[in-house]
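First residue of the sequence shown? That's 26 in the working numbering, and the numbers climb one at a time after it.
We put the beta carbon where it would ideally sit given N, CA and C, even for glycine.
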Amino acid sequence: MCSSNCATLYVIYSETITELNMNSTHYIIILLLISFISITQAAEQAPFGNQIKAVTNYNRATTQVATGGKLNEGGVQELAEKGFKTIIDLRTEAEGTLAEKQAVEAAGMRYINIPVTSAGISDEQLATFTSIVEQAATPMLLHCASGNRAGAMWTAYRLSKGIEPDIAFEEGRTAGMQISMEEKLKASCRTKSMC
């Protein structure tokens with residue numbers, strides 16, 4: 026009962042269904058790839074503050090760099106689980122850096138110590154930090170005991186990169202920098218004609 030027109034319509038219908046199925050499969054594959062890439066990229070970023078509990082004054086400075094104070098009990102493990110690759114500790118040896126170094130390395134992360142005192146940040150310390158932050162595996166945590174020195178180092182780094190002083194100092198205060206370190210940085214900034 027079906028004429029040649031009917032057979033032609035059936036062939037067109039079959040080809041269309043096959044093409045739609047192929048396109049659907051392609052769309053599903055593309056969506057899965059996009060989802061995988063998004064998850065992978067998110068895993069390689071510093072988490073937001075509400076996602077890290079065991080670091081005093083934790084602050085996400087950028088997608089790759091976080092700042093903070095003391096690592097509390099379980100802090101090293103939490104950072105490793107959240108994907109951190111590098112820990113930069115600004116505390117002095119007397120503040121317990123050896124124990125943290127051992128714990129960080131045992132957890133598979135890189136530990137770097139740049140001892141900074143309340144005297145302020147030297148040009149050499151800033152140069153060392155700059156070299157590390159621009160080459161080390163990320164995400165990374167920059168920390169000290171309270172966030173004061175970490176905030177100051179972040180401010181000095183941002184100033185050295187040409188960030189407006191008002192913005193750089195606000196970022197430093199957000200990271201935990203206190204007025205005493207801020208005043209030292211401002212004096213240095215004025216001396217170098219950066220402020």
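Unbroken stretches of the alpha helix (DSSP H), 4 residues or longer, contained in the segment 68-117: 100-106
Would you kindly work out how many angstroms separate the C-alpha atoms of T199 and E189, rounded to a whole number? 16 Å
Rounded to whole angstroms, what is the Cα-Cα separation between E69 and M165? 10 Å
When the Cα of G108 is compared with those of T155, Q89, Y182, L151, which residue comes out closest? Closest option to G108, Cα to Cα, is Q89.
Can you check which of these residues, T87, M206, R85, A128, is closest to S147 by C-alpha distance? Comparing alpha carbon positions, the residue from T87, M206, R85, A128 closest to S147 is M206.
Run the CB neighbour count on L123, radius 10 Å, all protein chains shown included, and call it buried at 16 or more, exposed below. Exposed.
So M134 and K95 are in contact, right, with Cβ under 8 Å, and what is the actual spacing, rounded? With a Cβ gap of about 17 Å, M134 and K95 do not count as contacting.
Do P140 and E125 have their beta-carbon atoms positioned less than 9 Å apart in this structure? no
Note down, in chain order, each residue of its chain lying with its Cβ closer than 7 Å to the Cβ of I157, except the 5 sequence neighbours on either side. I113, I137
C-alpha distance - C214 paired with E208, whole-angstrom precision: 10 Å
Out of curiosity, what's the CA-to-CA distance linking A177 and A212? Counting only the Cα atoms, A212 lies some 13 Å from A177.
Which residues bound the beta strand (DSSP E) around I204? That residue, I204, is in no beta strand (DSSP E); its alpha helix (DSSP H) goes 204-216.
Distance check for A175 and T142, CA to CA, integer angstroms please. 11 Å
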